[in-house]
Amino acid sequence: NVMKESDLLLHFTQKSRTLPCPLPIQVQVSYRASDSSKRILIFSQLLHTTDDIQEIEKDCDISIIGQYAVQRAAALGQARKFEEGIELLYSANHLLQRISTTDSQKEEYHAFVDCAAGTQ
5 NVMKESDLLL HFTQKSRTLP CPLPIQVQVS YRASDSSKRI LIFSQLLHTT
55 DDIQEIEKDC DISIIGQYAV QRAAALGQAR KFEEGIELLY SANHLLQRIS
105 TTDSQKEEYH AFVDCAAGTQ
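Here the sequence shown is numbered in this note's numbering, starting from 5 and rising by one per residue.
This is the structure:
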């Protein structure tokens, strides 16, 4: 079940070398309410884009990156793409270890390590 605090992870693939700034994003979620009525939620946001890797890394959400890496690696494992899944976890581990500087980021990094250890 989806709850109010549920996370939604989106994966974007960049096709061109340049991105518009800001990048418009819209997500439409269709669902049935507890009274069985059909509902739709629409989330719209403009995302700031940049080529500055340091700017992006300082604002990264460690928990989202870690959660995505573990879920994607599990999906790759189910598709029997084991090497690709291991490489993803290794890369995510290296990135998260490097950019985790605050206490809360380090806590999220260790949560990722605990989850990732269960997938190997």
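We put the beta carbon where it would ideally sit given N, CA and C, even for glycine.
Values in this document were obtained by computation on a predicted structure and should not be read as measured data.
{"Check": "Minimum C-alpha distance to Gly81 - residue among Pro28, Thr54, Ala120, Ile29", "Outcome": "Ala120"}
{"Check": "Closest residue to Ser48 among Ile68, Ile57, Ala77, Val31 (Cα-Cα distance)", "Outcome": "Val31"}
{"Check": "Local conformation of Ala84 per DSSP, three classes", "Outcome": "In the sequence as presented, Ala is not what sits at residue 84; that position holds Arg. Reduced to three states, the DSSP call for Arg84 is coil."}
{"Check": "Touching by the beta-carbon criterion (3+ pairs, under 8 Å), the region 103-115 and the region 63-72", "Outcome": "yes"}
{"Check": "Chain-order list of residues whose beta-carbon lies under 8 Å from that of Gly70 (same chain, five-residue window excluded)", "Outcome": "Ala96, Leu100, Glu112, Tyr113, Ala115, Phe116, Cys119, Ala120"}
{"Check": "Alpha-carbon spacing of His52 relative to Leu45, whole angstroms", "Outcome": "23 Å"}
{"Check": "Residue closest to Asp11, alpha-carbon to alpha-carbon, out of Gln75, Lys85, Pro28", "Outcome": "Gln75"}
{"Check": "Of the listed residues Ile60, His15, Pro28, Lys42, nearest to Ser104 (C-alpha basis)", "Outcome": "Ile60"}
{"Check": "Thr106 versus Ala83, Leu93, Lys62, residue with shortest Cα-Cα distance", "Outcome": "Lys62"}
{"Check": "Spatial distance of Lys110 from Arg102 (CA atoms)", "Outcome": "10 Å"}
{"Check": "Whole-angstrom C-beta distance between Ala79 and Leu93, which should lie under 8 Å", "Outcome": "Going by Cβ atoms, the distance from Leu93 to Ala79 rounds to 12 Å, so no, they are not a contact pair."}
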